[in-house]
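The sequence shown begins at 1 in the numbering used here and counts up by one. For each residue, glycine too, the CB sits at the ideal point set by N, CA and C. Remember, it's a predicted structure, so these values are computed and weren't measured experimentally.
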Amino acid sequence: EGQLRLLAEAAQGPVASASTFDIYQAYVDSKFEDLRQEMLEGMETKMADLKSSCDYKILSVQQQCEEHETSYLSLAELLDSKEADLRKEIGDLKVQLEGSDGLGKVNNCCESGSQVNAETRDLEKEVERIAEASRALNARFDNELEHFTTFQLEGVYGERFEELESRINITEK
1 EGQLRLLAEA
11 AQGPVASAST
21 FDIYQAYVDS
31 KFEDLRQEML
41 EGMETKMADL
51 KSSCDYKILS
61 VQQQCEEHET
71 SYLSLAELLD
81 SKEADLRKEI
91 GDLKVQLEGS
101 DGLGKVNNCC
111 ESGSQVNAET
121 RDLEKEVERI
131 AEASRALNAR
141 FDNELEHFTT
151 FQLEGVYGER
161 FEELESRINI
171 TEK
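What follows is the structure, given as structure tokens:
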């Protein structure tokens, strides 16, 4: 008789009981929780990868900045030494020109006073050109240095962080 009752119940379909529903609900809830945990772990991994990538890029930019600063400093030193050399040469030429009595020394140095004056003007122009280039490089370097020192991670990846945060908040709800 017990077997007949089981067969009759099986033919009619499963009888929904509160315990069967609770079992299904618990199963679905556990699957959702597993999925949620898996998504959170995936997002944590992605965030760690993103952070690592950002750190690498920041270090790369800092290294480039240091390299540029080093090359700028050596270039500035070179310009300063060239400027000093040219100024010394101009000074020497002026001393030779002023110290000559009009005959011997000028003829030994140059063929005529106009040639010395022309060379002096050319050297002064060259010194001024080098000084102007040095000022331009200083201004450019100051601008580049200011740009690198104001580099902020939030400005570059701010939108992505906000989007990920909103997704996490939605997932937690």
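Asked: Nearest-angstrom beta carbon gap, Glu83 and Ala131 [assumed within contact, 8 Å]; Found: 6 Å
Asked: C-alpha gap between Ser19 and Phe32, whole angstroms; Found: 20 Å
Asked: Segment contact flag, the stretch 161-169 with the stretch 82-97, C-beta cutoff 8 Å, min 3 pairs; Found: no
Asked: As assigned by DSSP and simplified to three states, the class of Glu1; Found: coil
Asked: 8 Å contact criterion, which Glu119 and Leu93 should meet: CB distance rounded; Found: 7 Å
Asked: Rounded straight-line distance, which links the Cα of Leu35 to that of Ile170; Found: 14 Å
Asked: Spatial distance of Phe141 from Leu73 (CA atoms); Found: 10 Å
Asked: For Leu137 and Leu78, believed in contact at Cβ under 8 Å, the rounded distance; Found: Not confirmed; about 11 Å, so no contact.
Asked: Cβ shell of Asp80 (< 8 Å), same chain only, five flanking positions each side left out; Found: Ser134
Asked: Which of helix, strand or coil DSSP assigns to Glu163; Found: helix
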